[in-house]
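Novice: Residue numbers (the numbering used here), protein chains in the order written: chain Z, 17 to 222; chain L, 17 to 222.
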DNA sequence: GACATAACCGGACTGGAGTCCATATTCTAG
DNA sequence: CTAGAATATGGACTCCAGTCCGGTTATGTC
């Protein structure tokens, strides 16, 4: 999952419309791979699908898969991309309290609730994107965006050490942790949301 | 990592001194395996050592290793066991504020600081024990103990939803997260400790 | 001390992750 | 339209985690 390939597959914004265009065969295979992965994940569950399975089912070589997505966590991240970007758009430019206009603490609470809902809606996929390789979670491009958002809002709210608190907050919202709360402990999403929002308020308080 | 083998290797308390005694050869091999693992981990780093390496170096079959420790995370946990139990003893029966006698919020702060120090001192080993298999962290016997401790102290301090807050607190103290703060962001242990203790206070407050 | 039984041993085996590179395809310039 | 450079392809390959089971060894009993 190097930066170059991340840019190539459109995960990182390119400042200037780069001279590097995706080749036609590459584009075709990317679509095929994502379609196959989505199909297999839906049919058998994320954990039970191997990269070989995806490659075979997509009619593509394994090397292609790895070059493009880096590993299984990259593949999962690519599948999440579209839905993620809806949340990202809402929080960067949508209506308050998620978007700009509301007080920072309120925006943070709204973000946490929305993010939790997102994670919950795609538990296994997010878990895969965060844990397929060691430290994957902290390296994801989207993670950086979530973190940056939290940092800024915490700072605006006047909280001490906003960077560390943003990390601590997101650490509690790991897919594995949420999955544990939801499946092993049988907690409802509403319950989790209100508890986490409460905690968030404490972290954001001056 | 089934319960029977966990008991056999002394990780879970046995109510009555069971009739099941560890066989002499089993005990010998357990010692050999742990010694070999410690040696190899120290020499090459945890990540670069395979279970095969440990088995060969210990003069033991791979099956033996897996039966006894379950997987690499179990092996790491077994190596951490002794040092962990020192912390556990201090927090259950040592002098305050870590041990009983101090106000719950103070005990919790002391625990968090001590636990953070423990994780920091064995970063890679703890990381391995938490992440070698998916969800390993939440299944560890010792994790349950840490969590229970936090739960009780949070409850005594009058915090709402102590169970969830205990999980959130420990999620922030994951070895991967601490490693990131320490190595990628170059934060000092003292800095982390004071920030985390501050957060802990906010979670424990009524 | 010999036997029955339960527990343990260890290495061959399976299957998947990730790498490598000779070949094929696409793009660009002339 | 063509040639050559740049890029992508894909399947064979390596390495390792984890399983399995026939053979071995310890332990309790007579």
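Backbone N, C-alpha and C define an ideal beta-carbon position, used for all residues, glycine too.
Treat the numbers as computed from the prediction; the structure is a model and nothing was measured.
(1) Provide the residue span of the alpha helix (DSSP H) that contains residue 41 of chain Z, from first to last.
(2) Residue 180 of chain Z: which of L:174, L:167, L:151 and L:213 sits nearest, CA to CA?
(3) With 7 Å as the C-beta to C-beta threshold (strictly closer), list the residues of the region 52–69 of chain Z near chain L in chain order.
(4) Check the DSSP bridge columns for residue 118 of chain L and list the partner residues they point to.
(5) Whose Cβ in chain Z lies nearer than 7 Å to the Cβ of residue 215 of chain L?
(6) Tell me whether the beta-carbon of residue 112 of chain L lies closer than 8 Å to the beta-carbon of residue 118 of chain L.
(7) Whose Cβ in chain Z lies nearer than 7 Å to the Cβ of residue 151 of chain L?
(8) So the alpha helix (DSSP H) residue 156 of chain L belongs to, where does it begin and stop?
(9) Please confirm if the region 75–90 of chain Z is in contact with the region 126–137 of chain Z, defined as three or more CB-CB distances below 8 Å between the two stretches.
(10) So the candidates are Z:93, Z:146, Z:183 and Z:208; which of them puts its Cα closest to the Cα of residue 191 of chain Z?
(11) Residues of chain L with CB closer than 7 Å to the CB of residue 188 of chain Z, please, in chain order.
(12) Residue 164 of chain L: which of L:127, L:141 and L:197 sits nearest, CA to CA?
(13) Would you say residue 211 of chain Z lies against chain L (beta-carbon separation less than 8 Å)?
(14) Nearest to residue 4 of chain Z by alpha carbon, out of Z:109, Z:130, Z:114 and Z:198?
(15) DSSP state of residue 138 of chain Z, grouped into three classes?
(16) Express the C-alpha separation of residue 200 of chain Z and residue 208 of chain Z in angstroms, rounding to a whole number.
(17) Could you tell me the alpha carbon to alpha carbon distance between residue 167 of chain Z and residue 97 of chain L, rounded to whole angstroms?
(18) Measure from the alpha carbon of residue 215 of chain L to the alpha carbon of each residue in L:156, L:121 and L:160, then state which is nearest.
(19) Figure out for me which residue from L:187, L:173, L:124 and L:204 has the closest Cα to the Cα of residue 153 of chain L.
(20) Within 8 Å of any Cβ in chain L, is that where the Cβ of residue 176 of chain Z sits?
(21) Tell me, to the nearest whole angstrom, how far the beta carbon of residue 95 of chain L is from that of residue 54 of chain L; I am working on the premise that it is less than 8 Å.
(22) Quick check on residue 202 of chain Z: buried or exposed, where buried means 16 or more other Cβ atoms within 10 Å of its Cβ?
(23) Short of 6 Å in beta carbon distance, which residues of its chain neighbour residue 171 of chain Z, apart from the five on each side in sequence? Order them along the chain.
(24) In whole angstroms, give me the CA-to-CA distance for residue 156 of chain Z and residue 222 of chain Z.
(25) Assuming residue 57 of chain Z contacts residue 65 of chain Z (C-beta within less than 8 Å), just tell me the rounded distance between them.
(26) May I ask which residues mark the beginning and end of the alpha helix (DSSP H) holding residue 108 of chain L?
(27) Please state whether DSSP places residue 21 of chain L in a helix, a strand or coil.
(28) Identify, in the order they occur along the chain, each residue of the same chain with its Cβ nearer than 7 Å to the Cβ of residue 143 of chain L, setting aside the five sequence neighbours on each side.
(29) Terminal residues of the continuous alpha helix (DSSP H) containing residue 213 of chain L?
(30) From what residue to what residue does the alpha helix (DSSP H) around residue 72 of chain L run?
(31) Between the region 131–148 of chain Z and chain L, which residues of the former have CB atoms less than 7 Å from a CB of the latter, in chain order?
(32) Does any C-beta atom of chain L lie closer than 8 Å to the C-beta of residue 196 of chain Z?
(33) Would you mind stating whether residue 51 of chain Z and residue 81 of chain Z have Cβ atoms separated by less than 8 Å?
(34) Can you give me the Cβ contacts of residue 219 of chain Z inside the same chain, cut-off strictly under 8 Å, excluding the 5 residues immediately before and after it?
(35) Taking C-beta to C-beta, are residue 149 of chain L and residue 100 of chain L nearer than 8 Å?
(36) In the structure shown, what three-state DSSP assignment does residue 124 of chain L receive?
Specialist: In terms of the structure at hand:
(1) Here the alpha helix (DSSP H) through residue 41 of chain Z covers 40–60.
(2) Here the closest residue by C-alpha is L:213.
(3) Among the residues of the region 52–69 of chain Z, none has a Cβ less than 7 Å away from any Cβ of chain L.
(4) Per DSSP, L:116.
(5) Within 7 Å Cβ-Cβ: 181, 184 and 219.
(6) The criterion of a C-beta distance shorter than 8 Å is satisfied by residue 112 of chain L and residue 118 of chain L.
(7) Result: 192.
(8) If you look at residue 156 of chain L, you'll find it isn't in any alpha helix (DSSP H); DSSP assigns it neither H nor E.
(9) Contact between the region 75–90 of chain Z and the region 126–137 of chain Z is not established, with fewer than three Cβ pairs separated by less than 8 Å.
(10) Of Z:93, Z:146, Z:183 and Z:208, the residue nearest in Cα terms is Z:146.
(11) Result: 184, 187 and 188.
(12) Distance from the Cα of residue 164 of chain L is smallest, within the candidate group L:127, L:141 and L:197, for L:127.
(13) With its beta carbon less than 8 Å from one in chain L, residue 211 of chain Z belongs to the interface.
(14) The shown model of chain Z, from 17 to 222, leaves out residue 4 of chain Z, and the question about it has no answer.
(15) Three-state DSSP puts residue 138 of chain Z in coil, outside helix and strand.
(16) Our two residues, residue 208 of chain Z and residue 200 of chain Z, have alpha carbons roughly 13 Å apart in a direct line.
(17) Between residue 167 of chain Z and residue 97 of chain L, the C-alpha separation is close to 37 Å.
(18) With distances taken between CA atoms, residue 215 of chain L lies nearest to L:121 out of L:156, L:121 and L:160.
(19) When the alpha-carbon of residue 153 of chain L is set against those of L:187, L:173, L:124 and L:204, the nearest one is in L:187.
(20) Chain L, which has a Cβ nearer than 8 Å to the Cβ of residue 176 of chain Z, makes this yes.
(21) Under the criterion of beta carbons closer than 8 Å, residue 95 of chain L and residue 54 of chain L qualify as touching, at roughly 6 Å.
(22) Exposed: under 16 other Cβ atoms inside 10 Å.
(23) For residue 171 of chain Z, where only same-chain residues beyond five positions count, the Cβ hits under 6 Å are 178.
(24) C-alpha separation (whole angstroms): 30 Å.
(25) The C-beta separation of residue 57 of chain Z from residue 65 of chain Z comes to about 6 Å, placing the pair in contact by the 8 Å criterion.
(26) Counted as a single uninterrupted DSSP element, the alpha helix (DSSP H) harbouring residue 108 of chain L occupies residues 88–109.
(27) With a pLDDT of only 40 at residue 21 of chain L, under the threshold of 50, the placement of this residue in the model should not be trusted, and no figure is reported.
(28) When the five nearest sequence neighbours on each side are left out, the beta carbons in the same chain lying within less than 7 Å of the beta carbon of residue 143 of chain L are those of 191, 192 and 195, in order along the chain.
(29) Residue 213 of chain L: member of the alpha helix (DSSP H) spanning 205–220, first to last residue.
(30) For residue 72 of chain L, the uninterrupted alpha helix (DSSP H) segment begins and ends at 67–74.
(31) Against chain L - using a Cβ distance shorter than 7 Å - the residues of the region 131–148 of chain Z are 147.
(32) So, interface residue.
(33) No, they are not a contact pair.
(34) Cβ within range, chain order: 170, 175, 181, 184 and 185.
(35) Not in contact: residue 149 of chain L and residue 100 of chain L (Cβ atoms no closer than 8 Å).
(36) DSSP, read as helix, strand or coil, puts residue 124 of chain L in helix.
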